[in-house]
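According to the numbering used here, the stretch in the sequence shown is residues 804 to 982, in order. Where a beta carbon is used, it is the ideal one built from N, C-alpha and C, also for glycine. Worksheet: one structure, shown below.
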Amino acid sequence: MEQKAQIDNKCMGALMKKTVKKINLPAILTLILGLGILSGSFAQRSALAGRIDTVPAIQVTTTKNQIGRYLHVIYAVGRPAFLNVSPIPYVDIVRPQSQTQQISSEVVVFPAVQIEKTPGRGSYNMVIFAISNSAKINWINADVNPNPTEYKFLGMIQKPQIDAFMNQDGIEKVLLFNF
Numbered sequence: 804m805e806q807k808a809q810i811d812n813k814c815m816g817a818l819m820k821k822t823v824k825k826i827n828l829p830a831i832l833t834l835i836l837g838l839g840i841l842s843g844s845f846a847q848r849s850a851l852a853g854r855i856d857t858v859p860a861i862q863v864t865t866t867k868n869q870i871g872r873y874l875h876v877i878y879a880v881g882r883p884a885f886l887n888v889s890p891i892p893y894v895d896i897v898r899p900q901s902q903t904q905q906i907s908s909e910v911v912v913f914p915a916v917q918i919e920k921t922p923g924r925g926s927y928n929m930v931i932f933a934i935s936n937s938a939k940i941n942w943i944n945a946d947v948n949p950n951p952t953e954y955k956f957l958g959m960i961q962k963p964q965i966d967a968f969m970n971q972d973g974i975e976k977v978l979l980f981n982f
């Protein structure tokens, strides 16, 4: 019985030596590094600069006949409208940082916001302006209803325009938007 145990141990030892010879150190290090990157263990969780986009404060100039209505600034991920279909952009995601203010004068200022980036989608790629008689609206894409009655689409600014403004003037400046 002891002899059989010694043979089994020898077989196991030989098997382990063959296994160890097949596994090389660079492959193991590559595997560990790859798993570490995938799990995010090398990412700094406290450094949000790469994971957050900042949108500067936006000053919107309206007309006196809009006083009392609501102005909506919608930070969205989507795409511009199709040619000759509707000026209203197609929105995939409306970010929760979107803001609404009741118009009390011809100038409305929305404060700067920070929007967290989503994997594969980014943070936002357009800022949409709409006006309504209600403090809350549900965005309706043009393919569902090209002429929504709940709000009036006023215009939009795309992210590259905002990035260019921030690179030139900085986050402290206020982006002006006139209707």
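task = Mind reading off the beta-carbon distance from Asp946 to Tyr893? Whole number of angstroms is fine, and I expect it under 8 Å.
result = 7 Å
message = Does the CB of Tyr927 have a neighbour CB from chain C at under 8 Å?
response = You won't find chain C in this structure, because it holds only one protein chain.
inquiry  = Judging by CA-CA distance, which residue of Asn944, Ala938, Phe956, Met969 is the nearest neighbour of Tyr873?
reply    = Ala938
Of the listed residues His875, Ala933, Asn970, Gln862, nearest to Gln902 (C-alpha basis) = His875
query = Would you call the CB atoms of Ile877 and Ile931 closer than 8 Å?
reply = yes
query = What runs of the alpha helix (DSSP H), each 4 residues or longer, lie entirely inside the segment 849–920?
reply = Counting only runs of 4 or more, we get nothing.
Own chain residues within Cβ distance below 7 Å of Val880, not counting five before or after = Listed in chain order, the non-local C-beta contacts of Val880 below 7 Å within the same chain comprise Asp895, Ile896, Arg924, Gly925, Tyr927, Asn928, local neighbours out to five positions each way being set aside.
Short Cβ contact (8 Å threshold) for Lys920 with Ile861 = no
task = Using 10 angstroms around the beta-carbon of Leu979, count the other beta-carbons present and answer buried if the total reaches 16, otherwise exposed.
result = exposed
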